[in-house]
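Notes follow the structure.
In the working numbering, the protein residues as written are 6 to 57.
Here it is as structure tokens:
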């Protein structure tokens, strides 16, 4: 099963990277595996994850 998650606006790349990493770790604890993520022009991120 696939699911998407969003990360709110972070105008600095280092802060966005920290937020993506934190969310990826949270998802791993919930049984998800991050497949991919993308950063939008509005400085938000979309994470694609799956769970078996």
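Every residue gets a Cβ at the ideal spot worked out from N, C-alpha and C, and that includes glycine.
So, helix, strand or coil for residue 35, using DSSP?
Here residue 35 refers to the residue found at position 30 of the chain shown. In this structure, residue 35 counts as coil in the three-state DSSP scheme.
For the beta strand (DSSP E) that contains residue 45, what are its first and last residues?
Along the chain shown, one-based indexing puts residue 45 at 40. Premise fails: residue 45 is in no beta strand (DSSP E) and is neither H nor E.
Give the C-beta separation of residue 21 and residue 44 to the nearest angstrom, bearing in mind that I take them to be a contact with Cβ-Cβ under 8 Å.
Here residue 21 refers to the residue found at position 16 of the chain shown. Here residue 44 refers to the residue found at position 39 of the chain shown. Going by Cβ atoms, the distance from residue 21 to residue 44 rounds to 7 Å, so yes, they are a contact pair.
Would you tell me roughly how many angstroms separate the C-alpha atoms of residue 9 and residue 52, rounded to the nearest one?
Sequence index remark: in the chain shown, residue 9 carries index 4 (1-based). Sequence index remark: in the chain shown, residue 52 carries index 47 (1-based). C-alpha separation (whole angstroms): 5 Å.
Buried or exposed for residue 14, going by 16 or more other Cβ atoms inside 10 Å?
In the chain shown, residue 14 corresponds to position 9, counting from 1. Under this definition residue 14 is an exposed residue.
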